[in-house]
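In what follows, a structure is listed as structure tokens, so that the remarks can point back to it.
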Amino acid sequence: MDSKTHHNDATTRQYVARNKCYEIGYDGVRNRIYYSILGFWKSADSVPDFLNDWDKALQLVSSGFTLLVDMRTMITHPQPLNSLHEESQRRMKAVGVSRIANVMPVDKIANLQVSEIASRSHLPLHTFETCEAAEQWLNESMV
């Protein structure tokens, strides 16, 4: 499997949301959410159901869940969208996320943007260059 292929064993995953801006999937076997940020989001109007979709996903997990965030194709988002990302992170924290694996954007400015938001989040996260490495790190936490 190469790093462009989505995470291993997709048969255990169900999608909560899939659109041109993001995908949110849930794996009940691993108590894990898979979240992919896709491309450029022009404004909050581009993602009207974003927080509702997160609420749906967070209802499926139990405390101690893990999260794999694939941001490889993310393009820098306008600053007003940061509040949406920060609110989703607050909700994750409230439900009890235990570990977050961030696969960082290839876009350098987006990478800096993500790093800045992450530093303010105080969430248990680690950054990776590939989904495989991120998945392996999260799986090690399950042992």
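Reminder that position 42 of the sequence shown reads as 42 in the UniProt record's numbering, one-by-one numbering, no gaps. Where a beta carbon is used, it is the ideal one built from N, C-alpha and C, also for glycine. Since we're looking at a predicted model, the values are computed, not measured.
- [ ] Measure how close the beta-carbons of ILE37 and MET74 come, nearest whole angstrom, since I'm counting them as under 8 Å.
- [x] Locating residue 37 in the sequence shown gives position 37, counting from the first residue. Locating residue 74 in the sequence shown gives position 74, counting from the first residue. So it is a contact: roughly 4 Å between Cβ atoms.
Open item on the list: Relative to the C-alpha of GLN79, which candidate in GLU116, GLU23 and THR12 has its C-alpha closest?
Closed with: Within the sequence shown, residue 79 is the residue found at index 79, counting from 1. Looking from the CA of GLN79, the closest CA among GLU116, GLU23 and THR12 belongs to GLU116.
Task: Continuous alpha helix (DSSP H) assignments of at least 4 residues falling wholly in the region 19 to 67 - done: 50 to 60
Open item on the list: Please state the DSSP three-state secondary structure of ILE117.
Closed with: Within the sequence shown, numbered from 1, the residue matching residue 117 stands at position 117. Note: ILE117 maps to helix in three-state DSSP.
TODO: Enumerate in chain order the residues of its own chain whose CB-to-CB distance from THR12 is below 6 Å, with the five nearest sequence positions on each side excluded.
DONE: Walking along the sequence shown from the start, residue 12 turns up at place 12. ASP27 and VAL29, listed in sequence order.
TODO: Consult DSSP for LEU138 and reduce its assignment to one of helix, strand or coil.
DONE: For the purposes of this step, residue 138 is taken as the residue at position 138 of the sequence shown. Three-state DSSP puts LEU138 in a helix.
- [ ] Compare the C-alpha of GLU23 against each of TRP54, ASP45, SER98 and GLN136 and name the closest.
- [x] Position 23 of the sequence shown, counted from the start, is the residue given in the question as residue 23. Nearest in C-alpha terms to GLU23, of all of TRP54, ASP45, SER98 and GLN136, is TRP54.
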